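See structure below.
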Amino acid sequence: MVLTGHRGKNKSKPIKEALACASSKMAVKALAKQHAASPARSERTDSEEEEDTDPTYSGSPAPPQSGMSQPDFLKHMEKMLNRALKATSDQITNRLSREIRELGQRTADLETRVDDIELTIQEHAKEHAALQNRSRRSNLRLRGIPEAIDDIQSFTTALFQELCPSIPIERLEFDRIHRALTCRQQDGPPRDIIIKLHFFHTKEQLLTAARNKDALQFQDHKYQLFADLAPLTIAKRRAMKPQLQILIQHQIKYTWRFPFSLQFTYQGRQHSSTSPESLQRLLESLHLSPPSHQSETSLPRTPARSSTQTYTTTPKRNQSGPSSIRKGTPARQAILFDPKAHTSR
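Numbering of the sequence shown is given in full-length UniProt numbering, commencing with residue 1 and proceeding in unit increments.
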């Protein structure tokens with residue numbers, strides 16, 4: 001191709017930039033296919049070599065000899081570049097969309113597995129709590145005894161004799177007795193005393209005697225007596241506290257069943273619940289609600305007693321523990337709650 005006669009017209013900067021972009025690899029391949037019939041360029045002459053050294057011709061390929069004008073050639077190149085860019089962007093978009101779908105499916109599978117694992121852990125936690133409650137059936141938790149008392153076995157024996165004189169001394173046999181396994185706090189409340197009684201019936205008698213007393217006091221020390229329960233069971237009972245307050249305000253006695261079930265009788269019918277949600281729905285269906293002068297958010301709270309917990313990672317023990325027990329088989333023992341005894345403590 002001969003470029004004579006166009007030296008003055010190729011000084012425009014936009015045309016030079018457009019032609020420089022056309023020298024890309026993709027454009028060259030497309031041009032080779034588009035103009036395969038064009039005649040080969042003749043050997044370069046001395047005048048053309050001189051023109052190549054001129055700055056006005058650097059990087060400026062000539063239009064093909066097929067008769068296509070310079071503007072048409074540039075438009076043609078622009079369309080080809082747009083098609084190439086669109087094909088590349090579509091390819092990248094499709095690949096990213098596919099990868100995002102795959103990641104979404106993997107995330108959904110992981111969420112399903114996590115849900116299954118959570119259900120399994122919850123079932124294991126329930127089984128573990130049931131085993132703990134069974135192993136603690138003969139345990140009592142004595143609260144309020146000062147740390148200054150060292151001989152807790154002799155002190156507790158004398159306390160139980162004063163609480164229930166009808167129990168023979170030979171039936172007050174302790175398999176184990178010790179303080180709660182927590183750090184002793186100098187300014188905090190005393191740790192609970194945990195007693196494992198050798199005879200299960202003795203435990204029932206002591207809890208019944210504690211319920212029937214208006215105030216529990218021994219040697220000028222006020223104390224409380226509870227059944228020793230698993231931390232998970234205590235947390236479940238604490239979660240039901242707002243609903244239990246409604247039962248107490250309506251003078252309704254309720255019963256804790258083993259391993260965890262709340263039962264109460266209202267208007268001659270017996271009702272039961274195993275969760276705060278189901279208990280709330282049951283109370284609403286029975287039209288039981290807090291009195292208008294006292295809302296659920298203003299219910300009195302029990303002071304925290306974290307120092308008396310055996311496990312520091314478990315929820316804090318509720319001060320208002322069970323105060324009586326109804327006779328029955330060991331596997332189906334029921335703790336009967338008396339609202340009068342509860343409010344008196």
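Where is the CB? At the ideal position from N, CA and C, for every residue including glycine. Just so it is clear, the structure is predicted and the values come from calculations on it, not from any experiment.
Spatial neighbours of residue i within its chain, please: CB distance less than 8 Å, with the 5 preceding and 5 following residues excluded, ordered by chain position.
{"i": "Thr-120", "result": "none"}
Excluding the 5 residues preceding and the 5 following residue i in the sequence, name in chain order all residues of the same chain whose CB lies nearer than 7 Å to its CB.
{"i": "Ala-270", "result": "The sequence shown places Gln at residue 270, not Ala. Gln-263, listed in sequence order."}
{"i": "His-178", "result": "Ile-194"}
{"i": "Ser-138", "result": "Lys-196, Leu-197, Phe-200 and Lys-203"}
{"i": "Gln-243", "result": "Pro-276, Leu-279, Gln-280 and Leu-283"}
{"i": "Pro-330", "result": "At Pro-330 the pLDDT is 36, less than 50, meaning the model places this residue with poor confidence and gives no usable figure here."}
Could you tell me which of the options sits nearest to residue i, measuring between CA atoms?
{"i": "Tyr-266", "options": "Leu-282, Asn-94, Ile-149 and Arg-257", "result": "Leu-282"}
{"i": "Met-241", "options": "Glu-277, Ala-148, Thr-112 and His-221", "result": "Per the sequence presented here, residue 241 reads as Lys, with Met not at that position. Nearest option by C-alpha distance: Glu-277."}
{"i": "Ala-180", "options": "Lys-236, Ser-69 and Arg-143", "result": "Arg-143"}
{"i": "Ala-209", "options": "Phe-160, His-128 and Asn-82", "result": "Phe-160"}
{"i": "Arg-176", "options": "Ile-152, Ser-166 and Ala-125", "result": "Ile-152"}
{"i": "Ser-275", "options": "His-287, Leu-288 and Ser-261", "result": "Ser-261"}
Less than 8 Å between the beta carbons of residue i and residue j, yes or no?
{"i": "Glu-147", "j": "Pro-190", "result": "yes"}
{"i": "Phe-226", "j": "Asn-133", "result": "no"}
{"i": "Leu-279", "j": "Ser-285", "result": "no"}
{"i": "Tyr-223", "j": "Ile-145", "result": "yes"}
{"i": "Leu-232", "j": "Ala-108", "result": "no"}
Roughly how many whole angstroms lie between the Cα atoms of residue i and residue j?
{"i": "His-150", "j": "Gln-122", "result": "The amino acid occupying residue 150 in the given sequence is Asp; His does not appear at that position. In a straight line, the C-alpha of Asp-150 is about 40 Å away from that of Gln-122."}
{"i": "Ser-154", "j": "Gln-219", "result": "13 Å"}
{"i": "Ala-87", "j": "Asn-94", "result": "11 Å"}
{"i": "Leu-206", "j": "Leu-229", "result": "16 Å"}
{"i": "Phe-174", "j": "Cys-183", "result": "24 Å"}
{"i": "Val-114", "j": "Leu-103", "result": "16 Å"}
{"i": "Ile-252", "j": "Ala-239", "result": "19 Å"}
{"i": "Ala-215", "j": "His-221", "result": "11 Å"}
{"i": "Ile-100", "j": "Arg-106", "result": "10 Å"}
{"i": "Gln-217", "j": "Arg-237", "result": "26 Å"}
{"i": "residue 357", "j": "Leu-110", "result": "Because the chain in this structure spans residues 1 to 345, residue 357 falls outside the shown range and cannot be described."}
{"i": "Ser-89", "j": "Leu-96", "result": "10 Å"}
{"i": "Arg-83", "j": "Lys-75", "result": "12 Å"}
{"i": "Pro-165", "j": "Ser-135", "result": "27 Å"}
{"i": "Lys-213", "j": "Ile-169", "result": "21 Å"}
{"i": "Gln-70", "j": "Gln-91", "result": "32 Å"}
{"i": "His-128", "j": "Gln-185", "result": "29 Å"}
{"i": "Asp-187", "j": "Arg-211", "result": "30 Å"}
{"i": "Glu-118", "j": "Gly-268", "result": "39 Å"}
{"i": "Met-68", "j": "Glu-78", "result": "15 Å"}
{"i": "Arg-98", "j": "Leu-288", "result": "56 Å"}
Might you give, ordered along the chain, the residues of its own chain that have their beta carbon closer than 6 Å to the beta carbon of residue i, omitting 5 neighbours on each side?
{"i": "Asp-192", "result": "Arg-141, Arg-143, Ala-180 and Thr-308"}
{"i": "Arg-171", "result": "Phe-199 and Thr-202"}
{"i": "Thr-157", "result": "Leu-172"}
{"i": "Asp-116", "result": "none"}
Which complete beta strand (DSSP E) runs does the region 159-213 hold, if anything under 3 residues is left out? 174-179 and 193-197
Kindly provide the ranges of any beta strand (DSSP E) runs that are 3 or more residues long and lie completely inside the region 221-277, ordered along the chain. 224-227, 254-257, 261-266 and 269-273
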